[in-house]
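Taking it in order: structure first as structure tokens, then the write-up.
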Amino acid sequence: MENCGLGWENRVLDAALTASAQVSALPVENLRNQQGAASLGWRVPGTAATLTISHPPAGPWRAFGLFRTNLTATAQITVTVLSDSNTVWQGTAQAVANGQILLVAPTAVTGDTATIQITDTANPDGFLSIPLAYAGPIWQPVRNYSTDSTADRTLGQDSVTTLGGTEFVSARWYQRKLSIAHQSYGDADAIVLDQILRTAATGQNILLLPDPSASPADLAAKALFGGLSGGDLSNPFGAADRHALTLTLTERL
Numbered sequence: 001m002e003n004c005g006l007g008w009e010n011r012v013l014d015a016a017l018t019a020s021a022q023v024s025a026l027p028v029e030n031l032r033n034q035q036g037a038a039s040l041g042w043r044v045p046g047t048a049a050t051l052t053i054s055h056p057p058a059g060p061w062r063a064f065g066l067f068r069t070n071l072t073a074t075a076q077i078t079v080t081v082l083s084d085s086n087t088v089w090q091g092t093a094q095a096v097a098n099g100q101i102l103l104v105a106p107t108a109v110t111g112d113t114a115t116i117q118i119t120d121t122a123n124p125d126g127f128l129s130i131p132l133a134y135a136g137p138i139w140q141p142v143r144n145y146s147t148d149s150t151a152d153r154t155l156g157q158d159s160v161t162t163l164g165g166t167e168f169v170s171a172r173w174y175q176r177k178l179s180i181a182h183q184s185y186g187d188a189d190a191i192v193l194d195q196i197l198r199t200a201a202t203g204q205n206i207l208l209l210p211d212p213s214a215s216p217a218d219l220a221a222k223a224l225f226g227g228l229s230g231g232d233l234s235n236p237f238g239a240a241d242r243h244a245l246t247l248t249l250t251e252r253l
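Numbering follows full-length UniProt numbering, in which position 164 of the sequence shown is assigned residue number 164; successive positions increment by one, without gaps.
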């Protein structure tokens, strides 16, 4: 098990993006926006496509994910990282949960381009809907988050109760939320966290991986991509190099 990872340097947002297929009204460039709506994302008129993310000069890559998708349980992604057109790492994941699929390299790899090949031949929609994507490095604190951390959810539903007590519920949306408590950030961690929170304050989505070394199935089930905010940074242990901070991460819908 590794310490948690935060992905905040998303290459998708400032790289050159190309796609093997796209609907003209929903092009691959839509992946640059921060909304998870299918009507604002990238759509593929078929059940297979390749996304190419070109980001010279060469830099670190580790985490790759597609979010708020219509991918089915049999969908698969193959990620290839290249440097000067030479493959430096390749991996495959076949596990979808919560509308997302993720793949994390064992360690950071250096390259100038990454490709994500998506295949979902059994998709009953006959097309692929990819509203959000992450590709880039992750940052890990020296020490892991506290066991005081919690998971919550916000429900969007309409509920009507009759005079007899019968309840009729119309579900609208389900939004996951994490409270990430940490009591032992170092001074160096605090500096990076301030940069991450400044980035999140612009509305940019942040990726949390509770355990980057987990299997693709666990990553899809537990990773969260969305808006990040933080509370007060405190010094609970006096002059010691230990700081406490609680982060709140809310899934982007």
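We put the CB at the ideal spot given by N, CA and C, even for glycine.
This structure is a prediction, so every number in the text was calculated from the model and none was measured.
Q.
Check whether chain C comes within 8 Å of proline 57, counting only Cβ atoms and requiring the distance to be less than that.
A. Among the chains of the structure shown, chain C does not appear; only one protein chain is present.
Q. In terms of residue numbering, what span does the alpha helix (DSSP H) encompassing aspartate 189 cover?
A. DSSP places aspartate 189 inside the alpha helix (DSSP H), whose first and last residues are 187-201.
**Q.** Other residues of its chain near valine 88: CB distance less than 8 Å, five sequence neighbours each side excluded
**A.** Spatial neighbours of valine 88 in its own chain (CB-CB distance under 8 Å, excluding positions within 5 residues in sequence) are listed in chain order as Val81, Leu82, Val109, Thr110, Gly111.
(Q) Just to confirm the assignment, what range does the alpha helix (DSSP H) spanning aspartate 218 have? (A) From DSSP, the alpha helix (DSSP H) with aspartate 218 extends over 216-222.
Q) Just to confirm, are valine 79 and leucine 40 a CB contact at a threshold of 8 Å? A) Contact: no.
Q) Excluding five sequence neighbours on each side, which residues of the same chain lie with their C-beta closer than 8 Å to the C-beta of arginine 252? A) Hits under 8 Å: Gln34, Gln35, Gly36, Phe67, Arg68, Leu132, Asn205, Phe225, Gly226, Gly227.
Q. Of all the alpha helix (DSSP H) runs that stay within the bounds of the region 55-101, which reach a length of 4 or more residues?
A. Listed in chain order, there is nothing to give.
Q. Is the region 213-223 close to the region 185-197, with three or more CB pairs under 8 Å?
A. Result no; under three Cβ-Cβ pairs closer than 8 Å.
Q. Among Glu2, Gln22, Thr246, which residue has its Cα nearest to the Cα of serine 129?
A. In terms of Cα proximity to serine 129, the closest of Glu2, Gln22, Thr246 is Gln22.
Q: Output yes or no for whether 8 Å exceeds the beta carbon distance between arginine 62 and alanine 93.
A: Not closer than 8 Å, so no.
Q: Kindly indicate the opening and closing residues of the beta strand (DSSP E) around glutamate 29.
A: No beta strand (DSSP E) contains glutamate 29, which DSSP labels as neither H nor E.
Q. For alanine 171 versus glutamine 183, is the C-beta distance shorter than 8 Å?
A. Result no, Cβ atoms of alanine 171 and glutamine 183 do not sit closer than 8 Å.
Q | Top-ranked residue by Cα proximity to proline 56, from Thr72, Ser85, Thr74 | A | Nearest C-alpha to proline 56: Ser85.
Q | Spatial distance of serine 146 from alanine 240 (CA atoms) | A | For serine 146 and alanine 240, the distance between alpha carbons rounds to 18 Å.
Q) Going by alpha carbons, who is nearest to proline 27 out of Phe127, Thr52, Val44? A) Distances from the alpha-carbon of proline 27 to those of Phe127, Thr52, Val44 put Val44 closest.
Q: Report yes if the C-beta distance between threonine 72 and aspartate 120 is below 8 Å; otherwise report no.
A: Taking 8 Å as the cut-off, the beta carbon of threonine 72 is found closer than this to the beta carbon of aspartate 120.
Q: Alpha carbon to alpha carbon, how far is threonine 246 from glycine 231? Give it in angstroms, no decimals.
A: Their Cα atoms are separated by approximately 6 Å.
Q: May I ask you to list the residues that DSSP assigns as paired with aspartate 158?
A: Partner(s): Ser170.
Q. So, helix, strand or coil for serine 234, using DSSP?
A. It is a strand residue.
Q.
Can you look up alanine 38 in the DSSP assignment and give me helix, strand or coil?
A. Here alanine 38 sits in helix by DSSP.
(Q) So for leucine 13, helix, strand or coil by DSSP? (A) Three-state result, leucine 13: helix.
Q: Measure how close the beta-carbons of glycine 5 and glutamine 140 come, nearest whole angstrom, since I'm counting them as under 8 Å.
A: Between glycine 5 and glutamine 140 a beta carbon distance of about 5 Å is seen, short of the 8 Å cut, so the two are scored as contacting.
Q. Can you tell which of Ile101, Pro60, Phe64 has its C-alpha closest to the C-alpha of threonine 74?
A. The residue with the shortest Cα to Cα distance from threonine 74 is Ile101.
Q: Assign proline 141 to one of three DSSP states: helix, strand, or coil.
A: Assigned with DSSP and collapsed to three states, proline 141 falls in coil, not helix or strand.
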